[in-house]
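Position one of the sequence shown corresponds to residue 294 (the working numbering), numbered consecutively onward.
Beta carbons: idealized from backbone N, C-alpha and C, even for Gly.
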Amino acid sequence: CLVEGTSGKIYAGVRIENISYPLTIPAVQAACSICLSEKDTPAKIYVQNRELEQLAFWTVEFHMEVIETDTPPYVDRQDLQMSPSSSFSILKELKSLLDQAVTINSDFPVSALLFTKQGYFEGVNVEVSDWTKGICAERVAISKAFAHGDTDFTKMEVHTRKGEFS
294 CLVEGTSGKI YAGVRIENIS YPLTIPAVQA ACSICLSEKD TPAKIYVQNR
344 ELEQLAFWTV EFHMEVIETD TPPYVDRQDL QMSPSSSFSI LKELKSLLDQ
394 AVTINSDFPV SALLFTKQGY FEGVNVEVSD WTKGICAERV AISKAFAHGD
444 TDFTKMEVHT RKGEFS
């Protein structure tokens with residue numbers, strides 16, 4: 294599916310199955326969480342059918358317009374793969390991402406960087422009104438990578454402002 298944010302930017306979401314089924318990330322959850330992690334708000338969702346897992350929750354949560362179509366509008370989806378600059382600092386990047394976390398319930402922001410051979414993907418935790426539909430920073434980064442078609446990961450770095458790990 295594709296989610297269009299209020300900014301007009303488009304975010305792709307793909308279903309990511311997990312051997313532990315409860316950890317499967319539905320396409321709608323992935324696309325909406327990616328949108329939110331980019332400090333955007335889901336406004337429209339383009340789907341091939343209305344039977345997508347979690348579609349009802351997310352459309353109500355953000356009052357999204359559902360557009361059922363076999364051919365979504367041709368627009369450039371956001372390329373969320375980043376390339377480290379010469380002055381890149383993992384810790385500095387992780388700390389700066391914390392402000393993008395959506396922590397309406399916990400006030401516990403977490404950031405993650407998922408590295409591939411071509412670059413890296415950012416992730417922050419995203420919380421919504423139903424805490425079971427929230428998603429951790431690591432899984433947001435993985436969702437971005439899968440939507441980009443990149444599944445060859447080299448490492449992941451995680452950081453939080455509160456706590457004893459980084």
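Could you tell me the boundaries of the alpha helix (DSSP H) in which residue 321 lies?
-> 320–330
What three-state label does DSSP hand residue 354 in the structure shown?
-> helix
Straight-line gap, residue 345 to residue 386 (C-alpha atoms, nearest Å) = 34 Å
From residue 314 to residue 302, what distance separates their C-alpha atoms?
-> 30 Å
Does DSSP classify residue 383 as helix, strand or coil?
-> helix
Given residue 397, which residues of its chain have a CB within under 6 Å of its CB, disregarding the five upstream and five downstream residues?
-> 420
Taking buried to mean at least 16 other C-beta atoms within 10 Å of its own C-beta, is residue 401 buried or exposed?
-> exposed
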